[in-house]
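Numbering (the numbering used here), first residue to last: 6 to 138.
Yeah, the Cβ is synthetic: ideal placement off N, Cα and C, and Gly gets one too.
Remember, it's a predicted structure, so these values are computed and weren't measured experimentally.
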Ligand SMILES: [Zn+2]
Ligand SMILES: [Zn+2]
């Protein structure tokens, strides 16, 4: 990857990457491209990180890292190319207490929320309309 590629596509660093020897934290696959900026977490130095945790940085009292997720567990979004936080990912995220990194598809990350808001909006509109007539 050249620097022009990165400038061309700022998401390049955030999409799935082929990385040697890393396993998906959810399914354990090692031969798949992995999303490295999907789930982040930090632990205090004496805590035992959950399985699949990958240390990225260390400070005096904390260890910061990520949970790599493969492109089967978190498929790339057809629109922006970033990994989509599927139900499986959200479940895993909750179980290990991770938070979203900056490599998560922004528009389609929570489709249910979008649907819910849409339903509320429709209901409000209907109520407003029936009041008028
Ligand atoms: Zn996986
Ligand atoms: Zn997207």
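Query: Pull the bridge partners of residue 71 from the DSSP assignment, please.; Result: 45, 59
Query: Which partner residues does residue 79 have in the DSSP bridge list?; Result: Per DSSP, none; premise fails for residue 79.
Query: How about the segment 95-104 and the segment 43-61: do they share at least three Cβ pairs that are nearer than 8 Å?; Result: yes
Query: Rounded to the nearest angstrom, how far is the Cβ of residue 20 from that of residue 70, given a contact under 8 Å?; Result: Not confirmed; about 19 Å, so no contact.
Query: Cβ atoms of residue 94 and residue 142: under 9 Å apart, would you say?; Result: The structure shown does not extend to residue 142, since the chain is modelled only from 6 to 138, so the question has no answer here.
Query: To the nearest angstrom, report how far apart residue 35 and residue 53 are at their CA atoms.; Result: 22 Å
Query: Following a CB-centred definition, is residue 33 positioned closer than 8 Å to any heavy atom of ligand 1?; Result: yes
Query: Is the Cβ-Cβ distance between residue 88 and residue 80 less than 9 Å?; Result: yes
Query: So, helix, strand or coil for residue 22, using DSSP?; Result: strand
Query: Can you give me the C-alpha to C-alpha distance between residue 98 and residue 56, rounded to a whole angstrom?; Result: 12 Å
Query: Verify the contact flag: residue 43, CB atom, against every heavy atom of ligand 1, threshold strictly below 8 Å.; Result: no
Query: Is residue 132 buried or exposed, if buried means 16 or more other CB atoms sit within 10 Å of its CB?; Result: exposed
Query: Kindly indicate the opening and closing residues of the alpha helix (DSSP H) around residue 89.; Result: Note, residue 89: premise wrong, no alpha helix (DSSP H); not H, not E.
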